[in-house]
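Trainee:
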Amino acid sequence: MKFGNFEIYPILDGYFALDGGAMFGIIPKVLWQRTNPADEKNRITLALRTLLVKTPDCLILIDTGIGDKFDEKFSDIYKVDKAGGLEKSLAELKINPRDIDIVINTHLHFDHAGGNTQYDEKREVLPKFPKAKYLIQEKEWQAANQPDCRSRASYLKENFLPLRDYGNLSLITGDYQVTEGVEVILTGGHTEGHQIVLITTKEKKIVYWGDLIPTVSHLNIPYIMGYDLFPLVTMKKKEEFLARAKAERWLMVFEHDPKVAIGYFGKKGELASYEKD
Numbered sequence: 002m003k004f005g006n007f008e009i010y011p012i013l014d015g016y017f018a019l020d021g022g023a024m025f026g027i028i029p030k031v032l033w034q035r036t037n038p039a040d041e042k043n044r045i046t047l048a049l050r051t052l053l054v055k056t057p058d059c060l061i062l063i064d065t066g067i068g069d070k071f072d073e074k075f076s077d078i079y080k081v082d083k084a085g086g087l088e089k090s091l092a093e094l095k096i097n098p099r100d101i102d103i104v105i106n107t108h109l110h111f112d113h114a115g116g117n118t119q120y121d122e123k124r125e126v127l128p129k130f131p132k133a134k135y136l137i138q139e140k141e142w143q144a145a146n147q148p149d150c151r152s153r154a155s156y157l158k159e160n161f162l163p164l165r166d167y168g169n170l171s172l173i174t175g176d177y178q179v180t181e182g183v184e185v186i187l188t189g190g191h192t193e194g195h196q197i198v199l200i201t202t203k204e205k206k207i208v209y210w211g212d213l214i215p216t217v218s219h220l221n222i223p224y225i226m227g228y229d230l231f232p233l234v235t236m237k238k239k240e241e242f243l244a245r246a247k248a249e250r251w252l253m254v255f256e257h258d259p260k261v262a263i264g265y266f267g268k269k270g271e272l273a274s275y276e277k278d
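Per this note's numbering, the very first residue in the sequence shown carries number 2; after that it's consecutive.
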């Protein structure tokens, strides 16, 4: 869609599933299952939604989905449904992976960074977007390379180490201006190096929440994932940025909500769908 001077395209890499209890932390199942029904294994369906941003100067991709380097066991555990996939969706927009100038990873968990890399014909792993600069928080890079036992399963090194080896890696520290109108903001919370992306064009703002607010349900302040390493930081940042989102009427992109891709707060504080001007 046209948005100010930019074009934005929510792009689906497919769906997967995670434990509903882990996704909602201390919130009882009797509450979260009303809007997020669980399967027989207590898993809820989640989207793998990336965002393509076309500025006058460059093409930016925010997060890269789950990728396709996993085996059958992984696919079964996480109920992966590629549903077309990132590359096919880009091809429908007549965009080649070589056209992407910048990739922003909100963080390096496998469902956000799995599409960073791919296998070649020799089964070697190389960057999927060979000409892109991949922007990752330095704190996140350090955590991914030296994960604690709680986080180890979420960081798969084949998703990010080749970026360094092929010269695509660009580590940043704190808030950072990517290009005119596009900035990343270090939030922490989910991981110490988690970042969101704020896009500003013609006095309009779009925010890509990443895992700070993964679904519409998580707009509720206490709804914080059990996966979050620093839940009190998450809560504080949610309060801060949701207040801004309401006051400034940000358009919000939900990376994991299976039904709602984008929306904003209406005048009464309710979530409304996006309407083109």
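We put the beta carbon where it would ideally sit given N, CA and C, even for glycine.
Thinking C-beta only, is residue 105 closer than 8 Å to residue 254?
Mentor: No; because the gap between Cβ atoms is not below 8 Å, this pair is not in contact.
Trainee: What are the boundary residues of the alpha helix (DSSP H) that residue 22 is part of?
Mentor: It spans 21 to 25 - the alpha helix (DSSP H) in which residue 22 sits, taken as one unbroken run.
Trainee: Does the beta-carbon distance from residue 134 to residue 118 come in below 8 Å?
Mentor: Taking 8 Å as the Cβ cut-off, residue 134 and residue 118 do not qualify as a contacting pair.
Trainee: Using beta-carbon positions only, say whether residue 115 and residue 70 come within less than 8 Å of one another.
Mentor: Cβ distance < 8 Å, so residue 115 and residue 70 count as in contact.
Trainee: Is residue 88 buried or exposed, if buried means 16 or more other CB atoms sit within 10 Å of its CB?
Mentor: Per the 10 Å Cβ criterion, buried.
Trainee: Excluding sequence positions up to five away, which residues of its chain have a Cβ less than 7 Å from the Cβ of residue 190?
Mentor: So the list reads 213, 229, 231, 234, 235, 238, once near-sequence residues are dropped.
Trainee: Would residue 68 pass as a contact of residue 160 if the rule is Cβ separation under 8 Å?
Mentor: In this structure, residue 160 lies closer than 8 Å to residue 68 by Cβ.
Trainee: Which same chain residues, not among the five before or five after residue 51, have their C-beta less than 7 Å away from its C-beta?
Mentor: Only 12, 14, 62, 63, 64, 65, 66, 87 meet the Cβ criterion.
Trainee: If I follow the unbroken alpha helix (DSSP H) through residue 162, where does it start and stop?
Mentor: Where residue 162 is concerned, the enclosing alpha helix (DSSP H) stretches over 162 to 166.
Trainee: Looking only at C-alpha atoms, which of 257, 260, 250, 37 sits nearest to residue 266?
Mentor: The option with the nearest alpha carbon to residue 266 is 250.
Trainee: Run through DSSP, which three-state label would residue 236 get?
Mentor: It is helical.
Trainee: Of the choices 217, 59, 155, whose alpha-carbon is the least far from that of residue 25?
Mentor: Ranking the options by Cα distance to residue 25, first place goes to 217.
Trainee: Keeping to the same chain, check which residues put their C-beta closer than 6 Å to that of residue 277; ignore five residues upstream and five downstream.
Mentor: Its pLDDT being 44, under 50, residue 277 is placed unreliably in this model, and the value from its coordinates should be taken loosely. So no residue of the chain qualifies.
Trainee: Please report how far the alpha carbon of residue 210 lies from the alpha carbon of residue 123, in whole angstroms.
Mentor: Distance between the alpha carbons of residue 210 and residue 123: 36 Å.
Trainee: Would you call the stretch 75 to 84 in contact with the stretch 15 to 23, where contact means no fewer than 3 C-beta pairs closer than 8 Å?
Mentor: Result yes; three or more Cβ-Cβ pairs closer than 8 Å.
Trainee: To test your reading of the DSSP string, which unbroken beta strand (DSSP E) runs of 3 or more residues are found completely within the stretch 73 to 120?
Mentor: With a minimum length of 3 residues, the continuous beta strand (DSSP E) runs that stay inside the stretch 73 to 120 are 103 to 105, 118 to 120.
Trainee: Would residue 156 and residue 109 be called neighbours here (beta carbons separated by less than 8 Å)?
Mentor: Yes.
Trainee: Counting only the same chain and skipping the five closest in sequence on each side, list residues whose C-beta sits under 8 Å from that of residue 39.
Mentor: These residues qualify, in order along the chain: 21, 30, 45.
Trainee: Find the nearest neighbour of residue 1 within the set 153, 98, 184, 91, judged by alpha-carbon distance.
Mentor: What is shown of the chain runs 2 to 278, which leaves residue 1 out entirely.
Trainee: Classify residue 260: buried if its beta carbon has 16 or more other beta carbons within 10 angstroms, exposed otherwise.
Mentor: Exposed.
Trainee: Give a yes or no on whether the minimum CB-CB distance between residue 24 and chain C is below 8 Å.
Mentor: Considering every chain present, this structure includes no chain C. It has just one protein chain.
Trainee: Got a sec? Which residues, its chain only, sit under 7 Å from residue 4 by beta carbon, not counting five neighbours each side?
Mentor: Within the same chain, residue 4 has close Cβ partners 202, 205, 207.
Trainee: For residue 121 and residue 59, which I take to be in contact (beta-carbon distance under 8 Å), what is that distance rounded to the nearest angstrom?
Mentor: Contact doesn't hold; Cβ gap of about 26 Å is too wide.
Trainee: Residues in the same chain with beta-carbon distance under 6 Å from residue 28, minus the five sequence neighbours each way, listed in chain order, please.
Mentor: Taken in chain order, the residues that qualify are 224.
Trainee: Going by DSSP in three states, residue 157 sits in which element: helix, strand or coil?
Mentor: Of the three classes helix, strand and coil, the one that applies to residue 157 here is coil, per DSSP.
Trainee: Residue 256 to residue 200, Cα distance in whole Å?
Mentor: Answer to the nearest angstrom: the Cα atoms are 15 Å apart.
Trainee: Take residue 43 and list the residues in its own chain whose beta-carbon comes closer than 6 Å to its own, dropping the five residues that flank it on each side.
Mentor: 20, 21, listed in sequence order.
Trainee: Would you mind working out which of 35, 48, 192, 131 sits nearest residue 149, comparing C-alpha positions?
Mentor: Nearest C-alpha to residue 149: 192.
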